[in-house]
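Undergrad: Numbering (my numbering), first residue to last: 6 to 324.
(1) For residue 218, tell me which candidate among 196, 79, 77 has the shortest Cα-Cα distance.
(2) Taking residue 179 as the reference, give the member of 165, 144, 101 with the closest Cα.
(3) From the beta carbon of residue 293, is the nearest beta carbon of chain D less than 9 Å away?
(4) Got a sec, what are the start and stop residues for the alpha helix (DSSP H) residue 152 sits in?
(5) Indicate the three-state DSSP secondary structure (helix, strand or coil) for residue 7 in the structure shown.
(6) From residue 269 to residue 299, what distance separates their C-alpha atoms?
(7) Thinking C-alpha only, which one of 42, 57, 43 is nearest residue 49?
(8) Among 220, 203, 222, 190, whose alpha-carbon lies nearest the alpha-carbon of residue 213?
(9) Compare the beta carbon distance of residue 171 and residue 98 with 9 Å and say whether it is the shorter of the two.
(10) Pull the bridge partners of residue 66 from the DSSP assignment, please.
(11) Return the chain-ordered ranges of every alpha helix (DSSP H) run that is complete within the stretch 154-181 and spans a minimum of 4 residues.
(12) Please report the distance separating the alpha-carbon of residue 267 from that of residue 89.
(13) Go to residue 242, then tell me how far its beta strand (DSSP E) extends in each direction, as first and last residue.
(14) Give me the Cα-Cα distance between residue 117 and residue 159, rounded to the nearest whole angstrom.
(15) On a Cα-Cα basis, can you pick out the residue from 109, 108, 166, 148 that is closest to residue 123?
(16) Alpha carbon to alpha carbon, how far is residue 244 from residue 114? Give it in angstroms, no decimals.
(17) Closest to residue 198 by C-alpha separation, out of 240, 127, 322, would be which residue?
(18) Looking only at its own chain, which residues have a Cβ that is under 8 Å from the Cβ of residue 79, when we skip the five neighbours before and after it?
(19) Look at residue 52 and residue 169 and say whether their C-beta atoms are less than 9 Å apart.
(20) To the nearest angstrom, report how far apart residue 238 and residue 291 are at their CA atoms.
(21) Over what stretch of residues does the beta strand (DSSP E) that includes residue 90 continue unbroken?
(22) Where does residue 271 sit, in a helix, a strand or coil, going by DSSP?
(23) Between residue 236 and residue 271, what straight-line distance do the alpha-carbon atoms span, to the nearest angstrom?
(24) Going by DSSP, which residues form a beta bridge with residue 78?
(25) Report yes if the C-beta distance between residue 111 and residue 154 is below 9 Å; otherwise report no.
(26) With a threshold of 6 Å on Cβ separation, who are the neighbours of residue 106 within its own chain once the five nearest residues in sequence on each side are excluded?
(27) From the DSSP secondary-structure annotation, give me the bridge partner or partners of residue 95.
(28) Following the continuous alpha helix (DSSP H) through residue 263, name the residue where it begins and the one where it ends.
(29) Do residue 229 and residue 204 have their C-beta atoms closer together than 9 Å?
(30) With a threshold of 16 other CB atoms inside 10 Å of the CB of residue 137, please say whether the residue is buried or exposed.
(31) Which two residues bound the contiguous beta strand (DSSP E) that contains residue 219?
(32) Name the residue from 256, 157, 227 whose alpha carbon lies nearest to the alpha carbon of residue 334.
(33) Mind checking which residues open and close the beta strand (DSSP E) that includes residue 110?
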């Protein structure tokens with residue numbers, strides 16, 4: 006064997022044995038090929054409001070909590086979002102934090118330690134440091150995926166999935182609204198709120214955007230109406246405990262989709278007792294299941310999709 010060939014083989018061997026490992030998967034950027042993904046496509050805000058307007062022929066679906074992490078696919082990574090879309094159309098729930106130099110990045114924790122190979126608090130380091138890191142999956146395995154910026158996620162989402170954006174306490178609402186508008190992603194991005202005061206503030210800043218608002222009982226229905234926010238800007242997060250069919254019906258009569266948070270105890274119950282439990286939640290009036298098991302939940306509710314639906318035009322399924 007000549008020297009040049011020997012050196013080439015050694016280089017290939019070295020490259021195959023170093024660096025972070027994960028499944029061979031590459032995210033499709035905005036405008037690139039995504040024919041193997043199951044997507045949601047909306048043309049404008051009018052279609053967004055129509056999509057989220059409850060009708061009896063609505064198509065039940067899942068929301069992937071923190072993007073739907075699985076082994077090899079870390080939370081809040083664009084590659085993870087696409088992994089979920091290979092199995093089901095989905096809403097993607099993601100978390101937004103801000104670095105010391107005011108760059109918005111996707112990160113749930115205040116610290117970098119659990120989900121990356123870095124250390125320290127997100128708001129105490131510069132973006133250049135965050136950019137140098139690799140993400141770890143929930144099993145602690147290092148992947149080749151980087152921490153995305155909110156801008157990257159907003160660009161990616163167009164024509165692929167709807168987002169619900171969880172804004173961490175240290176992040177100014179104005180920064181997130183500006184990012185959504187700058188990237189012209191109003192059609193695809195809904196903002197998560199945890200109080201009626203926050204919902205009212207965000208609606209005042211961006212009346213065109215959809216808001217996810219926690220509404221768990223009749224009193225909170227009344228409190229939402231006191232804010233003056235129109236129901237056609239609201240997606241009702243009904244908490245992490247199953248609500249009665251009567252309560253879900255009351256929200257449906259307002260034309261509102263319900264999101265049941267199965268993440269946590271309800272997911273664990275489904276895993277232990279059988280995934281058909283997800284179908285029960287939908288049959289009792291949950292329209293969207295916010296879950297840590299989006300692939301399993303989506304499969305379990307597949308048979309509950311109506312044969313024909315006014316919402317079908319928004320879904321593009323992979324062959």
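No residue lacks a Cβ here, since even glycine has one placed at the ideal position from N, Cα and C.
TA: Answer, in terms of the structure:
(1) Checking every option, the nearest Cα to that of residue 218 belongs to 196.
(2) Nearest option by C-alpha distance: 101.
(3) Of the protein chains in the structure, only one exists, and it is not chain D.
(4) Premise fails: residue 152 is in no alpha helix (DSSP H) and is neither H nor E.
(5) Any answer about residue 7 is weak, because its pLDDT of 46 lies below 50 and its placement is not dependable; what the coordinates show is given next. Residue state, collapsed to three classes: coil.
(6) Whole-angstrom Cα-Cα distance: 13 Å.
(7) For residue 49, the nearest C-alpha among the options comes from 57.
(8) Selected option, being the one with the closest Cα: 190.
(9) Residue 98 is positioned such that its CB atom lies closer than 9 Å to that of residue 171.
(10) Paired residue(s): 293.
(11) Those alpha helix (DSSP H) runs which fall completely within the stretch 154-181 and span 4+ residues are 155-162.
(12) Near 17 Å, if we compare the C-alpha coordinates of residue 89 and residue 267.
(13) It spans 239-242 - the beta strand (DSSP E) in which residue 242 sits, taken as one unbroken run.
(14) In this structure, the alpha-carbon of residue 117 lies about 22 Å from that of residue 159.
(15) Of the listed residues, the one whose Cα sits closest to residue 123 is 148.
(16) Cα atoms of residue 114 and residue 244: separation of roughly 21 Å, rounded to the nearest angstrom.
(17) Nearest in C-alpha terms to residue 198, of all of 240, 127, 322, is 240.
(18) Within the same chain, residue 79 has close Cβ partners 85, 120, 140, 141, 142, 143, 148, 150.
(19) Judged by beta-carbon spacing, residue 169 lies beyond the 9 Å limit of residue 52, meaning their Cβ atoms are not closer than that value.
(20) Looking at the two C-alpha atoms, the distance is approximately 18 Å.
(21) That residue, residue 90, is in no beta strand (DSSP E); its alpha helix (DSSP H) goes 83-90.
(22) Reduced to three states, the DSSP call for residue 271 is helix.
(23) Taking the Cα positions, residue 236 is about 27 Å away from residue 271.
(24) Residue 78 is bridged to 75.
(25) Using a Cβ distance threshold of 9 Å, residue 111 and residue 154 count as a contacting pair.
(26) The answer, listed in chain order, is 131, 132.
(27) Paired residue(s): 67.
(28) Per DSSP, residue 263 is not a residue of any alpha helix (DSSP H); the beta strand (DSSP E) it occupies stretches across 263-266.
(29) Yes, these two residues count as a Cβ contact at 9 Å.
(30) Looking at its Cβ environment, which holds fewer than 16 other Cβ atoms inside 10 Å, residue 137 is exposed.
(31) Residues 216-219.
(32) Residue 334 is absent from the model: the chain starts at 6 and stops at 324.
(33) First-last of the beta strand (DSSP E) with residue 110: 109-111.
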